[in-house]
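**Q** Sending over a structure as structure tokens; questions will come in a sec.
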Amino acid sequence: MKKAIALVAVLLLSAAFVFAGGQEEAVEEVGKVKLTMLAYKDLADPVEAANWQIVVDTFFATHPNIEIDIEYGFDEPFHNKLQAMFVADQLPDIMFLWPGKRTGQVTGSGKIKDLRPWLKGHEDEFAAIAVAAQGRGGEIYELPEQVTDCHVMYTNEKLMKELGLTFPKTHADLLAQGAKIRAQNLIPVAMTNKTQWQMQSCLLSALTERAGGMDWYDRVIVGDNASFADPEFVNALSVIDELAKEEMFSPGINQLDYGQALTSFVTEEAVYYIDGGWRANNMVGELTDEQKEYVEYKTYPDIPNQKGTSGSTASVAGTGYGMHSRLEGAEADAAWEWIWFYSGPVGSAIRQGFGANPAYKMPTPGKLDIMVKKLIKFVAETPAGYVIDAVMDAEGMGVLHPAIQEMMMGKKTPQQVAEEYEAWVAANDTSRK
Amino acid sequence: MTEKSLKRVSYTVLTGPAILIYAFIIIFPIVFSLSLSFTEWSGLDTPKLVGLEQYVRILTDPVFLHGLRNILLVVAVSIFGQIPLGFVLAYIIYRRLIVGGRFFETMIFLPITISAVVVAILWNQIFSPAGIYTALMRMIRDDPRYVLGIFESKTFAMVPILFIILWMYTGMYMVIYIANLQRISPSVIEAAIIDGATEGQILGRVILPSMVNIIFTTAVFAISGSLKSFDLIYAMTGGGPAHYTEVIAIYMYVNTFKYYNYGFGSAVSVVIVILSLGLIGLIQIIFRRFERMYEA
Amino acid sequence: MSSEIRQKNVGWNLAAYIIMIIFTVLTVGPLVWLLYSSVKPHFDIIRNVFGLPKTFYVQNYVQAWNLAHLGILMLNSIFYSTVATAITTLLALAAGYGFAKFKYKISGFFYFFFIMGLLITVHSVLVPLFVMETRLRIDDTRLGVILPYVAFGLPFSIYLATSYIRGIPDSLEAAAVIDGASYLRIFKDIIIPICTPVVATMLIFSFLANWNELIFVLTLTSKATLRSLPVGVLAFAGGKTRNYGLQFAVLVIATLPMIMFYVFSHNQLARGFAAGALKE
Chain U
3 MKKAIALVAV LLLSAAFVFA GGQEEAVEEV GKVKLTMLAY KDLADPVEAA NWQIVVDTFF
63 ATHPNIEIDI EYGFDEPFHN KLQAMFVADQ LPDIMFLWPG KRTGQVTGSG KIKDLRPWLK
123 GHEDEFAAIA VAAQGRGGEI YELPEQVTDC HVMYTNEKLM KELGLTFPKT HADLLAQGAK
183 IRAQNLIPVA MTNKTQWQMQ SCLLSALTER AGGMDWYDRV IVGDNASFAD PEFVNALSVI
243 DELAKEEMFS PGINQLDYGQ ALTSFVTEEA VYYIDGGWRA NNMVGELTDE QKEYVEYKTY
303 PDIPNQKGTS GSTASVAGTG YGMHSRLEGA EADAAWEWIW FYSGPVGSAI RQGFGANPAY
363 KMPTPGKLDI MVKKLIKFVA ETPAGYVIDA VMDAEGMGVL HPAIQEMMMG KKTPQQVAEE
423 YEAWVAANDT SRK
Chain Z
15 MTEKSLKRVS YTVLTGPAIL IYAFIIIFPI VFSLSLSFTE WSGLDTPKLV GLEQYVRILT
75 DPVFLHGLRN ILLVVAVSIF GQIPLGFVLA YIIYRRLIVG GRFFETMIFL PITISAVVVA
135 ILWNQIFSPA GIYTALMRMI RDDPRYVLGI FESKTFAMVP ILFIILWMYT GMYMVIYIAN
195 LQRISPSVIE AAIIDGATEG QILGRVILPS MVNIIFTTAV FAISGSLKSF DLIYAMTGGG
255 PAHYTEVIAI YMYVNTFKYY NYGFGSAVSV VIVILSLGLI GLIQIIFRRF ERMYEA
Chain E
200 MSSEIRQKNV GWNLAAYIIM IIFTVLTVGP LVWLLYSSVK PHFDIIRNVF GLPKTFYVQN
260 YVQAWNLAHL GILMLNSIFY STVATAITTL LALAAGYGFA KFKYKISGFF YFFFIMGLLI
320 TVHSVLVPLF VMETRLRIDD TRLGVILPYV AFGLPFSIYL ATSYIRGIPD SLEAAAVIDG
380 ASYLRIFKDI IIPICTPVVA TMLIFSFLAN WNELIFVLTL TSKATLRSLP VGVLAFAGGK
440 TRNYGLQFAV LVIATLPMIM FYVFSHNQLA RGFAAGALKE
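The following block contains the structure:
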């Protein structure tokens with residue numbers, strides 16, 4: 003029996019040791035508002051981390067009465083955690099949210115406060131798209147930190163000059179350049195399409211607006227006398243289909259991880275490169291000073307039967323922080339202090355210094371990197387439609403994306419893809435209900 | 015204390031802690047998940063009872079069926095690839111048929127020490143369109159657009175993954191077999207050699223019969239591990255392109271954590287358990303035969 | 200062994216060497232590439248993925264270590280892996296002895312109950328487990344991490360232990376019982392020493408699984424001070440920003456200790472193997 007007692011004692015001891023490690027209760031301080039926050043931040047990125055540190059330090063220095071316990075998440079694990087918290091009814095006081103469908107389940111649950119009463123009077127200080135309705139009743143659940151243009155056709159003008167090319171006016175012109183570019187062992191259009199969002203966010207969204215125009219786009223979302231099986235959407239898909247058939251994309255585009263196409267653009271193995279405007283951040287660090295002079299921001303050329311706006315991109319209000327609906331009084335005010343600080347003038351100025359393009363309207367300072375300056379100009383001048391995966395359900399993208407991949411590999415026609423997607427949307431998408 | 019009650023108390027002390035911890039952690043989630051599989055639930059409000067609807071949806075979904083086909087391929091590679099190969103390697107090292115067995119043993123086991131995510135990153139650097147193999151082939155074939163076409167074939171896209179799985183986990187079986195081979199008393203083998211037995215006879219008559227049990231054990235690991243395989247494939251291909259490398263665990267993960275269909279996701283995990291049980295039952299029948307054969 | 204038998208096996212030997220060498224090259228090649236790439240700056244990596252480093256850019260390591268607070272993550276990894284592995288292995292041996300040698304009928308039920316655990320996917324229990332831990336207020340504690348590690352490690356270890364102990368001849372412990380030794384004493388003095396080879400296997404597998412585990416520690420903890428190395432690895436992989444230099448450095452930091460642990464413990468345990476074999 004002695005051994006048994008020893009065994010149990012060892013177990014208890016280790017358990018006690020373990021308990022001791024995890025539970026340190028913070029000492030309450032009088033007059034302080036304490037909040038919890040789930041932040042979305044890639045702390046491993048040196049630029050992001052430095053930027054964030056300044057934002058946080060400045061906030062706490064100017065708001066000594068507020069204490070925020072911050073937890074960090076990034077990418078898929080962030081969403082897993084948010085989801086687990088949501089199901090367990092353990093959402094924090096402040097959390098990072100998306101304006102569209104990505105966190106739609108959380109924002110639509112009634113557990114997130116409408117920020118409009120606090121924002122009142124400040125709407126004009128933001129880009130119009132940033133303060134557009136996020137909920138069905140016009141609610142604004144999070145205050146966008148920036149406006150994101152998801153489609154940019156980055157262009158290497160030096161390579162074009164060497165090849166004797168000018169930027170194509172139409173889709174057909176672009177296809178016609180393919181042979182000449184490939185003859186030099188170069189990639190015409192560098193892009194990746196392995197994971198589930200790049201093709202939809204960065205190219206299909208813009209093409210959908212081009213093919214159908216905004217009036218049709220508005221109607222197809224809700225299913226008002228328009229469907230994704232219409233010739234408009236088939237036309238948009240056909241453009242991608244032809245680009246794939248004509249070998250315009252990076253070889254093996256459907257197996258390429260996000261980021262690998264950027265590498266071939268930076269190393270000047272590709273003439274054009276399609277990605278989001280946020281890539282300006284990487285360009286700042288990865289292009290040489292000389293390259294920055296001749297890399298330009300363009301959009302996809304005109305497509306056949308174009309009904310939408312020439313030269314348009316696709317744009318979405320950015321992410322930002324929102325608060326739990328349980329917060330009242332001093333706690334809610336404190337949470338707003340943070341939200342306003344982050345996306346309002348002070349936080350925006352800090353983030354702009356690191357290459358971001360804030361939703362809060364502010365003058366462009368002179369010392370910015372040239373790639374950021376070009377982006378700001380691009381965003382200001384370029385008309386924009388919706389980003390398809392921000393307005394349609396994520397689960398539907400799980401139907402659309404593999405179908406597009408099969409189309410690109412020659413196993414499906416654009417018509418089939420369009421019909422398959424429409425069938426899913428008609429039966430399931432929350433925008434149609 | 016009487017002998018009988020002493021035995022009972024000892025049994026409780028020995029097995030009790032493991033059972034308690036295990037039950038404490040496992041029971042609630044399992045019951046939760048099992049009951050959810052008969053409902054439709056997105057994490058909000060109360061789950062809606064839908065009977066067997068989720069199961070019907072799963073079994074009629076072509077994506078699931080392709081995932082099932084792929085996972086059976088993984089099971090096949092594990093049972094007919096990793097286990098025999100692992101055994102052969104273990105045998106070679108155990109019988110000292112080569113010099114430097116200990117070095118090779120370390121090398122073969124090494125992949126297991128690396129997390130699946132790291133392995134995926136490393137292999138993608140080799141076989142992806144941006145990898146070293148592709149770069150080499152582009153040079154040799156003088157074709158700048160060369161890519162490994164096998165990844166874009168619905169039929170064969172799994173092959174490179176199966177190859178990596180074989181490379182990665184064979185070492186695990188090898189180590190388990192070596193541990194069990196050590197248990198065979200050397201004197202038995204020496205006696206066989208003195209009797210003039212050949213290497214083949216030693217293997218067939220002395221070693222294999224005492225290994226049947228552990229080979230069955232590892233076959234169970236192979237089945238359960240294969241049906242759950244997630245990390246490596248998710249990090250390598252994410253199930254793509256176009257679901258070609260889809261496996262059931264990824265299917266379950268995506269439906270639960272990306273689309274928030276908890277009922278559906280739970281039903282998929284129940285299907286995984288049922289499939290595993292079925293396969294293990296099958297293996298058990300086969301091994302009973304073997305055992306009888308050796309007993310006879 | 201006589202030289203005669205050796206000669207018969209030349210063909211065997213050649214095949215054996217070929218398989219062994221293929222495995223070795225496949226394993227060592229990518230690791231060597233990873234190792235030297237981790238001392239190249241990001242700028243050089245993207246311009247020449249396979250080129251040898253021009254300089255020894257240690258900055259990757261310094262920066263990765265500081266940015267992701269790898270020091271605390273490393274300590275946590277060591278803590279979780281050691282504690283969970285020790286508990287799992289001890290409990291599994293004890294339970295395995297109980298299941299294998301005490302001829303109680305209920306053992307069959309418990310054993311089956313554990314084996315079922317092998318079939319459960321981690322993701323299917325993630326959300327209910329989180330719900331349960333928050334209700335019990337053990338989420339965001341070290342205990343809340345260790346308990347699932349032990350619970351999910353037990354099925355595999357119990358399976359290994361039970362099938363191994365079953366193979367031990369009853370005569371050995373029967374003699375001890377006649378001597379009047381208590382069961383717990385038999386466990387300590389006879390079973391554990393005989394089990395040395397399988398204990399080695401159990402320790403290695405359990406430690407590896409715990410060391411590389413990501414999804415539990417990520418979901419069940421919030422405080423940065425409670426997290427482990429795979430969280431650090433994850434921070435550098437994927438996402439919209441990228442720095443391959445940092446990513447490779449952190450991969451080396453997370454992988455190397457495990458390789459060293461294995462090579463070291465393997466040699467240590469090999470002596471145990473020999474000892475275990477002699478005792479029988």
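Residue numbers (the numbering used here), protein chains in the order written: chain U, 3 to 435; chain Z, 15 to 310; chain E, 200 to 479. Don't be surprised by glycine CBs; every beta carbon is placed ideally from N, CA and C.
1) Could you tell me the distance, in whole angstroms, from the CA atom of Ala104 (chain Z) to the CA atom of Gly239 (chain Z)?
2) CB-CB under 8 Å to Leu272 (chain E), same chain, minus the five flanking residues each way: which ones, in chain order?
3) Do we get a CB-CB distance below 9 Å when we pair Ser24 (chain Z) with the residues of chain E?
4) Met411 (chain U) touches chain Z at which residues, Cβ-Cβ below 8 Å?
5) Is the beta carbon of Trp100 (chain U) less than 9 Å from the beta carbon of Thr321 (chain U)?
6) Could you give the first and the last residue of the continuous alpha helix (DSSP H) run that contains Ala428 (chain U)?
7) When we look at the beta-carbon of Asp388 (chain E) and count the other beta-carbons within 10 Å, is it buried (16 or more) or exposed?
8) Would you call the CB atoms of Glu147 (chain U) and Ala351 (chain U) closer than 9 Å?
9) Phe301 (chain Z) CB to nearest chain E CB: under 9 Å?
10) Are the stretch 440 to 454 of chain E and the stretch 258 to 267 of chain E touching, with three or more C-beta to C-beta distances below 8 Å?
11) Between the beta-carbon of Ala263 (chain Z) and the beta-carbon of Ser243 (chain Z), is there less than 9 Å?
12) Quick check on the burial criterion: 16 or more other C-beta atoms within 10 angstroms. Buried or exposed for Ala90 (chain Z)?
13) In chain order, what are the residue ranges of uninterrupted alpha helix (DSSP H) at least 4 long that sit wholly in the stretch 343 to 421 of chain E?
14) Applying the 10 Å Cβ sphere with the 16-neighbour rule, what's the burial state of Glu408 (chain U)?
15) With a threshold of 16 other CB atoms inside 10 Å of the CB of Val29 (chain U), please say whether the residue is buried or exposed.
16) For chain U, find out if any of its Cβ atoms is closer than 9 Å to the Cβ of Arg159 (chain Z); answer yes or no.
17) Find the residues of chain Z that neighbour Gly254 (chain U), judging by a C-beta separation of less than 7 Å, and give them in chain order.
18) Entirely within the stretch 321 to 403 of chain U and at least 3 residues each: give me those beta strand (DSSP E) ranges in chain order.
19) My output table needs one value for Val29 (chain U): the three-state DSSP class, helix, strand or coil.
20) In whole angstroms, what is the alpha-carbon distance linking Gln25 (chain U) and Val330 (chain E)?
21) Could you check whether the stretch 304 to 315 of chain U touches the stretch 200 to 218 of chain U, counting it as contact only if at least three pairs of C-beta atoms, one from each stretch, sit closer than 8 Å?
22) Is any beta-carbon of chain Z found at less than 9 Å from that of Gly23 (chain U)?
23) Buried or exposed: Asp431 (chain U), going by 16 or more other Cβ atoms within 10 Å of its Cβ?
24) Skipping 5 residues on each side, what residues in its chain have a beta carbon closer than 6 Å to that of Val154 (chain U)?
25) Do Gly270 (chain E) and Leu28 (chain Z) have their beta-carbon atoms positioned less than 9 Å apart in this structure?
26) With 7 Å as the C-beta to C-beta threshold (strictly closer), list the residues of the stretch 244 to 270 of chain E near chain U in chain order.
27) Run down chain Z in chain order and give the residues with a C-beta less than 9 Å from the C-beta of Thr427 (chain U).
28) Out of curiosity, what's the CA-to-CA distance linking Ser236 (chain E) and Met193 (chain U)?
29) Which residues, in chain order, does the stretch 58 to 87 of chain Z contribute to contact with chain U at a C-beta distance below 7 Å?
30) How is Asp339 (chain E) classed by DSSP in three states: helix, strand or coil?
31) Between Ser19 (chain Z) and Ile345 (chain E), what straight-line distance do the alpha-carbon atoms span, to the nearest angstrom?
32) For Thr197 (chain U), return the contacting residues in chain Z, with the cut-off set at a CB-CB distance below 7 Å.
33) Rounded to whole angstroms, how far is the Cβ of Ala132 (chain U) from the Cβ of Val149 (chain U), which I believe are closer than 8 Å?
34) Could you check the C-alpha separation between Tyr302 (chain U) and Ala130 (chain Z) for me, to the nearest Å?
35) Count the other CB atoms, across all protein chains shown, that sit within 10 Å of the CB of Ile357 (chain E); report buried if there are 16 or more and exposed otherwise.
36) Quick one: does Gly400 (chain U) have its CB under 9 Å from some CB of chain Z?
**A** Per the coordinate set shown:
1) Distance between the alpha carbons of Ala104 (chain Z) and Gly239 (chain Z): 21 Å.
2) Leaving aside the five residues that flank Leu272 (chain E) on each side, the residues in its chain whose CB is nearer than 8 Å to its CB run, in chain order, Arg426, Ser427, Leu428, Val430, Gly431.
3) Put simply, the CB of Ser24 (chain Z) is near chain E, with a gap under 9 Å to one of its CB atoms.
4) Think of a sphere of 8 Å around the beta carbon of Met411 (chain U): the chain Z residues whose beta carbon falls inside it are Glu166, Pro255, Ala256, in chain order.
5) In this structure, Trp100 (chain U) sits near Thr321 (chain U), with a CB-CB distance shorter than 9 Å.
6) From DSSP, the alpha helix (DSSP H) with Ala428 (chain U) extends over 416 to 430.
7) Exposed, because fewer than 16 other Cβ atoms sit within 10 Å of the Cβ of Asp388 (chain E).
8) One thing to note: Glu147 (chain U) has its Cβ no nearer than 9 Å to the Cβ of Ala351 (chain U).
9) Closer than 9 Å: no.
10) Here the stretch 440 to 454 of chain E makes contact with the stretch 258 to 267 of chain E; the two share three or more CB pairs at distances below 8 Å.
11) Taking a C-beta distance under 9 Å as the contact criterion, Ala263 (chain Z) and Ser243 (chain Z) qualify as a contact pair.
12) Exposed, since its Cβ has fewer than 16 Cβ neighbours within 10 Å.
13) Fully enclosed alpha helix (DSSP H) runs of 4 or longer: 369 to 377, 382 to 385, 395 to 411, 414 to 419.
14) Here Glu408 (chain U) is buried. Its C-beta has 16 or more other C-beta atoms within 10 Å.
15) Because the pLDDT at Val29 (chain U) is just 46, under 50, the model does not fix this residue reliably, and the value given afterwards should be weighed accordingly. By the neighbour-count rule (16 or more Cβ atoms within 10 Å), Val29 (chain U) is not buried but exposed.
16) It does; some Cβ of chain U falls within 9 Å.
17) Result: Pro143, Val161.
18) If only uninterrupted beta strand (DSSP E) runs of at least 3 residues are considered, those enclosed by the stretch 321 to 403 of chain U are 322 to 325.
19) The predicted model places Val29 (chain U) with a pLDDT of 46, which falls under 50 and marks its position as unreliable; any figure quoted below should be read in that light. Shown here, Val29 (chain U) sits in coil according to DSSP, grouped into three states, outside any helix or strand.
20) Because the pLDDT at Gln25 (chain U) is just 40, under 50, the model does not fix this residue reliably, and the point stays unresolved.
21) Segments in contact, yes.
22) At Gly23 (chain U), the pLDDT of 41 sits below 50, so the modelled position is not reliable; the number obtained from the coordinates is stated separately. No, its Cβ sits nowhere closer than 9 Å to a Cβ of chain Z.
23) Counting Cβ neighbours within 10 Å, Asp431 (chain U) comes out buried, since at least 16 surround it.
24) Gly279, Tyr299.
25) No. Outside cutoff.
26) Answer set for the stretch 244 to 270 of chain E: Ile245, Arg246, Gln262, Leu266, Ala267.
27) Correcting the residue identity first, residue 427 (chain U) is Val in this sequence and not Thr. Within chain Z, no C-beta atom comes nearer than 9 Å to that of Val427 (chain U); the closest sits roughly 14 Å away.
28) Taking the straight line joining both Cα atoms gives about 25 Å.
29) Answer set for the stretch 58 to 87 of chain Z: Leu58.
30) DSSP places Asp339 (chain E) in coil when its eight states are reduced to three.
31) Rounded to the nearest whole angstrom, the CA to CA distance from Ser19 (chain Z) to Ile345 (chain E) is 33 Å.
32) Gly252, listed in chain order.
33) A Cβ-Cβ separation of about 6 Å places Ala132 (chain U) in contact with Val149 (chain U) under the 8 Å criterion.
34) Going from the Cα of Tyr302 (chain U) to the Cα of Ala130 (chain Z) covers about 39 Å.
35) Buried is the call here.
36) Interface annotation, Gly400 (chain U): in contact with chain Z, CB-CB separation under 9 Å.
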